[in-house]
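In this note's numbering, each number is its position in the sequence shown, counted from 1, plus 4.
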Amino acid sequence: MKLKFLIVSSRISQLSQDLIDEILIKGHTFAFSTTQDFIFEIENGHFKASTPNIPNLFDFDIYILRSFSKNMANSKIFTEELRLKNKIVIEECISDNYINSKFAEGVRLTRSGLNYPISYQIPNIENIEKIPDNIFPAIVKPTNGSRGRNISIIENKKDLANFIQKNPEDLLVQEYLPIEWDIRIFVVGNKVLGGIKRYVLEGDCRSNASLGSQTEPFEVAPEIEEIALKATKTLHYSVAGVDLAWAKNKQNWFVIEVNISPQWHAFKAITKINPAIHIIQHAIDLYVKKNAQK
Numbered sequence: 005m006k007l008k009f010l011i012v013s014s015r016i017s018q019l020s021q022d023l024i025d026e027i028l029i030k031g032h033t034f035a036f037s038t039t040q041d042f043i044f045e046i047e048n049g050h051f052k053a054s055t056p057n058i059p060n061l062f063d064f065d066i067y068i069l070r071s072f073s074k075n076m077a078n079s080k081i082f083t084e085e086l087r088l089k090n091k092i093v094i095e096e097c098i099s100d101n102y103i104n105s106k107f108a109e110g111v112r113l114t115r116s117g118l119n120y121p122i123s124y125q126i127p128n129i130e131n132i133e134k135i136p137d138n139i140f141p142a143i144v145k146p147t148n149g150s151r152g153r154n155i156s157i158i159e160n161k162k163d164l165a166n167f168i169q170k171n172p173e174d175l176l177v178q179e180y181l182p183i184e185w186d187i188r189i190f191v192v193g194n195k196v197l198g199g200i201k202r203y204v205l206e207g208d209c210r211s212n213a214s215l216g217s218q219t220e221p222f223e224v225a226p227e228i229e230e231i232a233l234k235a236t237k238t239l240h241y242s243v244a245g246v247d248l249a250w251a252k253n254k255q256n257w258f259v260i261e262v263n264i265s266p267q268w269h270a271f272k273a274i275t276k277i278n279p280a281i282h283i284i285q286h287a288i289d290l291y292v293k294k295n296a297q298k
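Written out as structure tokens, the structure reads:
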């Protein structure tokens with residue numbers, strides 16, 4: 005059985021190459037595209053999708069979508085059609101469940117009974133008076149941010165007002181949990197692959213490995229595994245990077261965020277586990293299971 009994979013991403017990065025390598029090792033074929041190259045048509049009652057190099061985007065067995073947020077509308081339209089055609093998609097939830105919003109993520113995690121920091125979404129500067137003074141110092145971040153972009157510690161409402169004026173986007177104002185480190189748990193197909201500990205950067209509130217945070221292996225205890233899997237299931241993700249932190253002042257684990265299509269450079273280097281192997285195998289297992297039910 006030789007399967008045809010389509011990888012959709014912004015570029016062929018090292019992570020995309022890891023996926024490609026695993027596809028080829030397993031004896032399958034692949035093509036690559038960006039969402040910017042998509043050409044959609046409605047002709048004679050049929051939805052057609054192509055690129056300048058791929059005549060029919062629906063002519064594949066398995067689809068791996070990464071870095072899709074910049075063209076979310078096209079990604080949702082495309083994934084919805086793939087589901088109707090009974091294709092295997094990672095992440096399938098893009099078509100109807102996914103919202104690119106940290107606040108929406110927090111709402112869903114809280115509904116599931118998971119601990120999430122006290123948070124306020126601020127659409128404009130007039131609403132900052134609704135925020136209680138006792139939340140400061142607070143962390144401010146874009147509701148749709150990633151990789152630690154534009155995250156700051158704000159000391160008071162005046163500083164918050166200045167920050168909003170300089171950053172005209174929906175912002176999340178979140179209680180500051182005094183932590184020295186957090187953990188990233190990597191989940192694929194309802195299975196925890198492992199975890200790493202990431203130390204908060206000196207003079208900062210971020211712990212992103214991409215920003216130079218010190219990292220080390222982390223042994224995932226059953227309690228942590230249960231939280232990570234519950235968070236991933238709540239958001240209907242197939243692949244997730246779950247960020248957890250132990251808040252000493254509250255004596256509890258908090259879910260900081262759950263990353264869809266997470267990066268794995270640091271995780272792979274530290275744990276010697278290549279998530280691409282597990283992602284491709286999970287996709288193949290889904291394909292085999294779905295076709296066995298026909």
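Ideal Cβ placement from N, Cα and C applies to all residues, glycine included.
Every value quoted in this text rests on a predicted model; they were computed, and no experiment measured them.
- Leaving aside the five residues that flank Ala165 on each side, the residues in its chain whose CB is nearer than 7 Å to its CB run, in chain order, Ile129 and Ile132.
- For Ile200, the CB contacts under 8 Å within the same chain, skipping 5 residues up- and downstream, are Ile187, Arg188, Ala213, Thr219, Glu220, Pro221, Phe222, Ala270, Phe271, Ile274 and Thr275 in chain order.
- With 16 or more other Cβ atoms inside 10 Å of its own Cβ, Glu26 counts as buried.
- Taking the C-beta atoms as reference points, Val144 is found nearer than 7 Å to Ile158.
- Residue environment analysis places Thr33 among the exposed positions, since fewer than 16 neighbouring C-beta atoms fall within 10 angstroms of its C-beta.
- When secondary structure is reduced to three states using DSSP, Ile228 falls in the helix class.
- Only exposed fits Glu206, as fewer than 16 other CB atoms lie within 10 angstroms of its CB.
- Straight through space, the alpha carbons of Thr147 and Asp163 are spaced by roughly 18 Å.
- Residues Ala251, Lys252 and Asn253 of the same chain have their beta carbon placed closer than 8 Å to that of Pro182, with the five preceding and five following residues left out of the count.
- The residue among Phe258, Ala280, Pro279 and Val246 with its C-alpha nearest the C-alpha of Ile264 is Val246.
- A distance below 7 Å between beta-carbons, with the five flanking residues on each side excluded, links Ser105 to the following residues of its chain, in chain order: Thr147 and Asn148.
- Put simply, the backbone Cα of Ile288 is about 8 Å away from that of Leu7.
- Beta-bridge pairing by DSSP links Leu23 to no other residue.
- DSSP places Thr147 in the coil class of the three-state scheme, outside both helix and strand.
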